[in-house]
Amino acid sequence: MNEDNCNVVGRILNCAVEESALTDGKPDAAKMKPICYDPCAHVYRVMGDAVAKAFSCGREIGH
(Lines of atoms letter the chains of each structure in order from A and count residues from 1; the text may use other names and numbers.)
(Lines give C-alpha, C1' and ligand atoms only; values in the text may rest on other atoms or scores of the structure.)
Protein backbone atom coordinates (compact mmCIF):
# COMPACT_ATOMS: atom_id res chain seq x y z
CA MET A 1 0.00 0.00 0.00
CA ASN A 2 1.21 3.46 -0.89
CA GLU A 3 0.30 5.61 2.13
CA ASP A 4 0.77 8.87 0.18
CA ASN A 5 -2.24 8.23 -2.06
CA CYS A 6 -3.88 5.10 -0.53
CA ASN A 7 -3.34 3.03 -3.70
CA VAL A 8 -3.19 -0.70 -3.18
CA VAL A 9 -1.52 -2.85 -5.83
CA GLY A 10 -2.28 -6.55 -5.88
CA ARG A 11 -2.44 -9.65 -8.01
CA ILE A 12 -5.62 -11.52 -8.93
CA LEU A 13 -5.18 -15.13 -7.85
CA ASN A 14 -8.55 -16.57 -8.85
CA CYS A 15 -11.73 -15.64 -10.68
CA ALA A 16 -14.93 -17.71 -10.62
CA VAL A 17 -18.42 -17.43 -12.14
CA GLU A 18 -21.53 -19.39 -11.21
CA GLU A 19 -23.04 -21.54 -13.97
CA SER A 20 -26.19 -19.40 -13.89
CA ALA A 21 -24.14 -16.38 -15.06
CA LEU A 22 -22.78 -18.11 -18.18
CA THR A 23 -24.04 -18.03 -21.76
CA ASP A 24 -22.51 -20.61 -24.10
CA GLY A 25 -19.85 -21.29 -21.44
CA LYS A 26 -18.74 -17.65 -21.26
CA PRO A 27 -19.38 -15.04 -18.52
CA ASP A 28 -22.44 -12.94 -19.36
CA ALA A 29 -22.39 -9.47 -17.74
CA ALA A 30 -26.14 -9.06 -18.27
CA LYS A 31 -26.77 -12.11 -16.09
CA MET A 32 -24.28 -11.00 -13.41
CA LYS A 33 -25.61 -7.44 -13.04
CA PRO A 34 -22.17 -6.07 -12.00
CA ILE A 35 -21.84 -2.87 -10.00
CA CYS A 36 -19.24 -0.11 -10.15
CA TYR A 37 -18.36 2.71 -7.81
CA ASP A 38 -19.08 6.29 -8.91
CA PRO A 39 -16.51 8.38 -7.00
CA CYS A 40 -18.10 11.70 -8.03
CA ALA A 41 -21.49 10.90 -6.50
CA HIS A 42 -20.12 8.48 -3.86
CA VAL A 43 -22.59 5.75 -4.88
CA TYR A 44 -22.51 2.28 -6.42
CA ARG A 45 -24.24 1.93 -9.79
CA VAL A 46 -25.55 -1.14 -11.57
CA MET A 47 -23.88 -1.44 -14.95
CA GLY A 48 -26.37 -1.43 -17.81
CA ASP A 49 -26.84 -2.45 -21.40
CA ALA A 50 -24.10 -2.60 -24.01
CA VAL A 51 -24.24 0.54 -26.15
CA ALA A 52 -21.66 -0.20 -28.89
CA LYS A 53 -19.12 -2.75 -30.04
CA ALA A 54 -15.61 -1.99 -28.83
CA PHE A 55 -13.31 -0.28 -31.36
CA SER A 56 -15.78 -0.35 -34.30
CA CYS A 57 -17.90 2.51 -32.91
CA GLY A 58 -14.92 4.88 -33.29
CA ARG A 59 -14.67 4.08 -36.99
CA GLU A 60 -18.37 4.85 -37.43
CA ILE A 61 -17.94 8.40 -36.13
CA GLY A 62 -14.69 9.02 -38.02
CA HIS A 63 -12.09 8.59 -35.26
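Quick note, the sequence shown lines up with residues 1238 to 1300 if you use the working numbering. Where a beta carbon is used, it is the ideal one built from N, C-alpha and C, also for glycine. The model shown is predicted, which means the values in this text are computed figures rather than measured ones.
Taking the Cα of residue 1287 as reference, the smallest distance to any Cα among 1266, 1295 and 1252 is reached at 1266. The three-state secondary structure of residue 1243, taken from DSSP, is coil. Counted as a single uninterrupted DSSP element, the alpha helix (DSSP H) harbouring residue 1267 occupies residues 1266–1269. Per DSSP, residue 1272 is one residue of the beta strand (DSSP E) stretching across 1272–1275.
In the DSSP assignment, no residue is bridged to residue 1290.
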